[in-house]
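First comes the structure, then the notes that go with it.
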Amino acid sequence: MDHVIVALPLVIALVALALAFDFINGLHDAANSIATVVSTKLLTPVQAVLFAAFFNFAAYWMFGLKVAETVGKGIIDKDVVTPHVIFGALVGAMAWNVFTWVKGIPSSSSHALVGGLVGSGVMHAGTNAVVWSGIIKTTSFIALAPLLGMMAAMMLMMITSWIFMKATAKSAEGVFKKLHILSSAAYSIGHGANDAQKTMGIITVLLYSQGLLKGDFAVPGWVVIGCYVAMGLGTLSGGWKIIETMGSRITKLSHHQGFCASMGGSLLLFGATAFGIPVSTTHTITGCIMGVGAAKRTSAVRWGVAQRLVVAWLVTIPAAALVGAAFYEIAVLIDRAL
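Numbered as in this note's numbering, the sequence shown ends at 1557 without a single skipped number.
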């Protein structure tokens, strides 16, 4: 085991950095769970972020911590992780998140974190440090999450259209307004259950590397609470550029479409979380929004915007890995100089 034991203040600083990443994650990914309710004017932006923050936190009482365990020990071998690796991973992910947030690109915070962890871990211990089964499981959902989300949302559109076939447009839309609120709450719970757990895994493996965990590799309760609070505060800060991209630039949404998109995404997130798969909530909801647009007519989706998003998704892991590797080296050089 490659232990690098550092002073407790540095461990505390790295935990604070991880919570800062979770804050940025909430800020960056707020659009995932509220884009549909904002774009359809079901809720105001302020109401929507409060709503999402509450249900992000509610996930704590509803799901286990399988995703946290996958990130903590299923991407990079937990026995080679050092504080330098954690620093590189977090800075790599945060740098990419900030860049895409400024540009209004709904990229994946999850994949940015995975990329930063891989880049930093490989710089420290070579490719043998990589847990390939976890990488394959995670990266395969770059394609699967939007595709499955699109299929689920299209199926829901067809089923609900058939159920409400004889209803008037006004009465059906009134029902879908209420259902849209419920589905958006479910999506926020799914977002909190899957995304917040990734940072829990990072903090836990840091504590493990420093011998600060008692017993088996398990996420401490204070880490769970801290990550949910940080993500909730980030969500409260909003991400309006990304909301615009997700809620109106891909396709114009009705309450019917908004319900089907967020419910389809919720079902996928719940399933992935149950199996401990760290999926991208961004990819999921984007696929769902494209699905409900295409169910109406293929020309309703702005495929040029969707194409640019896919390019951003594909470069997220390698870009964050490069930045993570660079900051790992910077951390090592600073440590040697001191």
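The C-beta atom is built at its ideal place from N, Cα and C for all residues, glycine as well.
If you're wondering where the values come from, they're calculated on a predicted model, not measured in any experiment.
>> Any contact between the segment 1540-1553 and the segment 1296-1314? By contact I mean 3 or more CB pairs, one from each, below 8 Å.
In response: yes
>> I need the DSSP call for V1349, collapsed to helix, strand or coil.
In response: strand
> According to DSSP, which residues form a beta bridge with I1295?
Replying inline: V1349
> Going along the chain, which residues of its own chain have a beta-carbon closer than 6 Å to the beta-carbon of V1300, five neighbours each way excluded?
Replying inline: V1424, S1428
>> G1368 and T1255 - do their beta-carbons sit closer together than 7 Å?
In response: no
> Considering only residues of the segment 1317-1382, which uninterrupted alpha helix (DSSP H) runs meet the minimum length of 4 residues and lie entirely inside it, listed in chain order?
Replying inline: 1328-1344, 1351-1382
> How about the segment 1339-1356 and the segment 1274-1287: do they share at least three Cβ pairs that are nearer than 8 Å?
Replying inline: no
> Between A1480, I1294, M1374, which lies nearest to Y1406 when the distance is taken from Cα to Cα?
Replying inline: A1480
> I think S1329 touches S1499, with their Cβ atoms under 8 Å apart; what is that distance to the nearest whole Å?
Replying inline: 5 Å
> Is the beta carbon of S1359 sitting closer than 7 Å to the one on A1531?
Replying inline: no
> How is G1466 classed by DSSP in three states: helix, strand or coil?
Replying inline: In this prediction, G1466 has a pLDDT of 48, which is less than 50 and means its spatial position is unreliable; what the coordinates show is noted afterwards. It is helical.
> On the three-state DSSP scale, how would you describe F1240?
Replying inline: helix
> Which residue's Cα is closest to the Cα of M1374: I1553, F1270, H1475?
Replying inline: H1475
> Using the C-alpha atoms, what's the distance from H1343 back to L1246?
Replying inline: 30 Å
>> Please state the DSSP three-state secondary structure of F1436.
In response: coil
> Any idea if M1220 is buried or exposed, counting beta-carbon neighbours within 10 angstroms, 16 or more meaning buried?
Replying inline: Only weak support is given to the placement of M1220: the predicted model assigns it a pLDDT of 45, under 50, and the value that follows is read from those uncertain coordinates. Exposed: under 16 other Cβ atoms inside 10 Å.
>> Using the Cβ count rule (16 or more neighbours within 10 Å means buried), how would you classify D1414?
In response: buried
> Along the chain, where does the alpha helix (DSSP H) that runs through S1407 open and close?
Replying inline: 1388-1428
> Among residues of its own chain, excluding the 5 on either side of T1319, which ones have a beta-carbon nearer than 6 Å to its beta-carbon?
Replying inline: S1326
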